[in-house]
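Asks: The sequence shown begins at 152 in our numbering and counts up one residue at a time. Beta carbons are placed, not taken as given, at the ideal position from N, Cα and C, and that holds for glycine. All figures in this text were calculated on a predicted structure; none of them were measured in a lab.
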Amino acid sequence: MQFNRSAIIASCLVLCLGLAACAKPELLDTGPVIGAASLDDSVYTTTDGEQLHVSSWKSNSPRAVFVAVHGFNEYAGAFQLPGPWFSSRGISVYAYDQRGFGRADTQRLGKWAGGDVMARDLNGFVDLVRRQHPRLPVYIVGTSMGGAVTMKASVDHGLEADGLILVAPAIWGWRSMNPILKSALWVTAHTVPDRTATGSQLEIWPSDNIAWLKAYSKDKYNIKQGRFDTLYGLVTLMDEAAAAAPRITVPVLYLYGLKDQVVPETPSRKVMASLTAPNRQVVYDNGYHMLLHDLQRETVYRDILKWVGHDMVATPASNNQSETARSE
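1. Put valine 184 into one of helix, strand or coil per three-state DSSP.
2. Excluding five sequence neighbours on each side, which residues of the same chain lie with their C-beta closer than 7 Å to the C-beta of alanine 547?
3. How is tyrosine 372 classed by DSSP in three states: helix, strand or coil?
4. Write down the C-beta distance between phenylalanine 237 and phenylalanine 252 rounded to the nearest angstrom, noting that I regard them as a contact closer than 8 Å.
5. Going along the chain, which residues of its own chain have a beta-carbon closer than 8 Å to the beta-carbon of isoleucine 242, five neighbours each way excluded?
6. Would you mind working out which of Gly275, Ser207, Ser206 and Tyr226 sits nearest threonine 196, comparing C-alpha positions?
7. To the nearest angstrom, how far is it from the Cα of threonine 427 to the Cα of methionine 441?
8. Three or more C-beta pairs under 8 Å: does that hold for the region 271-289 against the region 355-371?
9. With distances taken from CA atoms, which of Gly438, Tyr435 and Ala396 is nearest proline 418?
10. Expressed to the nearest angstrom, what Euclidean distance is found between the alpha-carbon atoms of valine 343 and arginine 250?
11. Using the three-state DSSP reduction, which class does serine 206 fall into: helix, strand or coil?
12. Buried or exposed for lysine 365, going by 16 or more other Cβ atoms inside 10 Å?
13. Quick one: give me the first and last residue of the beta strand (DSSP E) that arginine 431 is part of.
14. Which class does serine 239 belong to by DSSP, given the choice of helix, strand or coil?
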């Protein structure tokens with residue numbers, strides 16, 4: 152029996168589209184504005200009443216503030232290593248669990264809030280932190296997905312930051328994804344949105360700090376698998392962050408490790424090349440995706456500390472772009 156390849160592909164597409172009509176990516180529900188946002192030592196309450204858990208590492212005599220934005224399936228506890236290091240050196244660090252992550256209610260855990268909502272939450276959190284430290288510079292430290300949220304918030308929500316520190320930001324998106332993978336993700340997100348994937352068979356090493364990875368894997372607040380509709384939302388956010396890059400106006404520090412097995416180098420460097428804001432780009436020969444947790448993490452910390460200590464008054468971007476390769 153002979154098979155017509157084109158007919159088979161067409162039939163599969165028709166079937167997928169028919170299934171897609173039965174389901175669609177699910178977003179976390181958000182309510183109307185019900186009051187002013189507020190922040191205390193343990194909870195950030197948004198204007199629509201969402202309560203997001205907060206972690207902080209405060210300096211006794213701060214000279215700057217970091218707002219840290221965690222990556223996909225992580226939570227504010229992802230900054231348990233860098234937080235104390237920076238606070239002991241005069242920088243207070245504040246982080247919160249983004250919607251659907253970390254210590255969220257079990258009914259909301261693992262569901263996608265949408266890039267606009269996440270960017271709006273970050274903007275509100277930064278505003279509250281600034282009110283607590285009106286005389287100090289505030290920098291945003293966005294790791295992986297958190298870097299994408301930071302970039303989107305900076306452009307779409309007028310994020311008031313003195314600088315953006317993007318640590319292996321997730322910025323390749325749909326336009327750079329393998330067509331087969333792109334199609335597969337679209338279909339699964341629209342047919343079985345609540346099904347999950349762990350990625351455990353990919354054998355990806357996000358860091359060379361094995362002892363920390365073992366402890367990290369046992370942390371009950373880290374999500375071990377991702378819903379297909381959440382992954383779909385993540386890729387969309389990455390696309391939006393990539394598109395935002397040329398419109399960022401505040402200074403940027405971009406950090407990337409050449410052993411990163413999560414965020415591809417070529418599309419990431421391409422996006423960073425589109426920056427017009429003053430920026431510095433540091434690439435580590437032995438750096439992995441989780442640069443803030445690697446065995447050489449203090450090298451990264453010192454580079455961040457050095458950058459925020461510089462005079463960050465904006466001058467023409469053509470005179471401020473630089474790239475440094477670092478092997479440790």
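Replies: Once the coordinates are examined:
1. The answer is coil: DSSP assigns valine 184 none of H, G, I, E or B.
2. Missing from the structure shown is residue 547; the chain here goes from 152 to 479 and no further.
3. Correct three-state label for tyrosine 372: coil.
4. With 8 Å as the limit, phenylalanine 237 and phenylalanine 252 do not qualify as a contact, their Cβ atoms being about 22 Å apart.
5. Counting only Cβ-Cβ distances below 8 Å, and skipping sequence neighbours, we find Ser210, Pro213, Arg214, Ala215, Val216, Phe217, Leu456 and Val459.
6. Closest by C-alpha distance to threonine 196, out of Gly275, Ser207, Ser206 and Tyr226, is Gly275.
7. Taking the straight line joining both Cα atoms gives about 26 Å.
8. Remark: fewer than three beta-carbon pairs, one from each stretch, lie closer than 8 Å, so the region 271-289 and the region 355-371 are not flagged as touching.
9. Out of Gly438, Tyr435 and Ala396, Ala396 has the C-alpha closest to the C-alpha of proline 418.
10. Because valine 343 sits at a pLDDT of 45, beneath the cut-off of 50, its placement in the model cannot be relied upon, and the point is left open.
11. Strand, per DSSP.
12. The residue in question, lysine 365, is exposed, as its Cβ has fewer than 16 Cβ neighbours within 10 Å.
13. It spans 430-435 - the beta strand (DSSP E) in which arginine 431 sits, taken as one unbroken run.
14. Coil.
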